[in-house]
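Q: In mature numbering (1 follows the signal peptide of the UniProt record, and there is no 0), the protein residues as written are -34 to -1, 1 to 105. Each residue gets a CB set at the ideal place from its N, CA and C atoms; glycine is no exception.
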């Protein structure tokens, strides 16, 4: 069994256990939602964006907890492979978009495993739940 299928199997078992216990849906991981100090915005609690993630962008980091130099994208992107870096090995991500959630995909052209990152939120630790981020789509 390769590492990727082992990770996916563990994630599936964890999700099944959480669902059986009435828990939350996992995307990408339960511990991935720890955040900087939250701020209230209407009825939604938003996180404070990392200082190096400009407004309107999805920022993907090469280290957990928004550390390292992020790769930043705005708009829909069918193929992020050419940018390399954190897209090839994502450890944390933040959606600092102005009006939309963003779905990230493991493969180009919006294919493969995917997870939705709500506007104004981030994942401080992605781990092995999303192996790559090679395309993204807003709203």
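1. Which residue marks the beginning of the beta strand (DSSP E) containing residue 24, and which one marks its end?
2. Which residue from 21, 51, 36 puts its Cα closest to that of residue 64?
3. Which same chain residues, not among the five before or five after residue 60, have their C-beta less than 7 Å away from its C-beta?
4. Just to confirm before moving on: does the CB-CB distance between residue 42 and residue 71 stay below 8 Å?
5. Measuring only the C-alpha atoms, how far is residue 109 from residue 100?
6. Which residues does DSSP pair with residue 58 in a beta bridge?
7. Can you give me the C-alpha to C-alpha distance between residue -1 and residue 50, rounded to a whole angstrom?
8. Whole angstroms is fine: what's the gap from residue 34's alpha carbon to residue 47's?
9. Applying the 10 Å Cβ sphere with the 16-neighbour rule, what's the burial state of residue 95?
10. Nearest-angstrom Cα distance between residue 136 and residue 40?
11. Would you mind stating whether residue 23 and residue 67 have Cβ atoms separated by less than 8 Å?
12. Thinking just about the alpha-carbon of each residue, which of 57, 38, 45 is nearest to the one in residue 28?
A: A quick look at the data gives this:
1. 24 to 27
2. 21
3. 15, 16, 19, 25, 32, 88
4. no
5. Given that the chain is displayed from residue -34 to residue 105, the structure contains no residue 109 and the question cannot be resolved.
6. 27
7. Confidence in residue -1 is poor, its pLDDT being 41 and thus under 50, which makes the residue's placement too unreliable to answer from.
8. 19 Å
9. buried
10. Because the chain spans -34 through 105 in this model, residue 136 falls outside it and cannot be assessed.
11. no
12. 57
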